[in-house]
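In the working numbering, the protein residues as written are 2 to 302. For reference, the structure is listed below as structure tokens.
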């Protein structure tokens, strides 16, 4: 017979009912591996729960969610820069997944709708990101990504002016290049296959360029690592910009990278889906500023 979560927490960990309610509301209780936030939620008595009395108090979820596409299997949203896709060890609650859950709960009802992560964007990267609405949809879309049957276009402002108007970067990546950071494999047979195609969209003199990138594979930090490897790191990248590279006149408060386009044949409804996430205001302002200061009329790719 189901039991209230706060009552189960109180019984299992020897807390008063009020202390159990506060622990749940403050994000200090995990329910079956997922953080609980509703003391009155009903769960089965055998449900695995964990109590973390020293976990920092969770922050409230207050942000909005821009939805680019929605169907009964999938949600594609426009992730703002600065927002995590999933919580990390500091247990920050304002994440993209939490915003999506609240959006679906308000729109369709239900206490805690299922939201599954199909792929991720770095905290500092903005743009289109797909979230599954069922475990079956997670499997279907993960298979789509694994088969590379998906169009993913990114826009990046990079330092300098690439010598070629377009090209392909085919360099395998490793999870530890020797300093606990991801990077390009140096030895034969090392690393995982990684391919990025790029095209210069606009040049801002010798200072910076706007580049469109297409992922053939989708390794973690792939675009950032590949562009840095050819000598044109993403402007504002705090991790992969080579230390020996001269200081750039182009600066930004985050990595200037945006997931612009997501397109695919929907595996569950057999329809073509293609969405574009508009450039966020800060990135648009950076491009306008570079164009005004360093741009050369007609200097596209």
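Heads up, the beta-carbon is just placed ideally off N, CA and C, and yes, glycines get one too. Bear in mind the structure is a predicted one, so any value in this text is a computation, not a measurement.
Against chain B, does residue 22 count as a neighbour if the rule is that its beta carbon must be under 8 Å from one of theirs?
In the displayed structure, chain B is absent; only one protein chain is listed.
As assigned by DSSP and simplified to three states, the class of residue 69:
In the structure shown, residue 69 falls within a strand segment according to DSSP collapsed to helix, strand and coil.
Taking only the alpha-carbon atoms, compute the straight-line gap between residue 105 and residue 232 and give it to the nearest angstrom.
Taken atom to atom, the span from the alpha-carbon of residue 105 to that of residue 232 is near 43 Å.
Assess, as a yes-or-no matter, whether the region 149–167 is touched by the region 198–209 under the definition of 3 or more beta carbon pairs within less than 8 Å.
The region 198–209 vs the region 149–167: in contact.
Spatially closest choice to residue 135 from 152, 107, 102 and 165, by CA coordinates
The residue with the shortest Cα to Cα distance from residue 135 is 102.
Apart from the five residues on each side of it in sequence, which residues of its chain come closer than 6 Å, Cβ to Cβ, to residue 121?
Cβ neighbours of residue 121 beyond the five flanking positions: 86.
Boundaries (first-last residue) of the alpha helix (DSSP H) holding residue 191
Premise fails: residue 191 is in no alpha helix (DSSP H) and is neither H nor E.
Backbone secondary structure at residue 205 - three-state DSSP
If DSSP states are grouped into helix, strand and coil, residue 205 belongs with the strands.
Tell me, please, which residues DSSP counts as bridged to residue 211.
DSSP output for residue 211 lists 158 and 203 as bridge partner(s).
According to DSSP, is residue 39 helix, strand or coil?
DSSP places residue 39 in coil when its eight states are reduced to three.
Would DSSP call residue 119 helix, strand or coil?
In the structure shown, residue 119 sits in coil (DSSP, three-state: anything other than H, G, I, E or B).
Considering only C-alpha positions, which residue in the set 191, 244 and 183 is nearest to residue 220?
Nearest C-alpha to residue 220 among 191, 244 and 183: 183.
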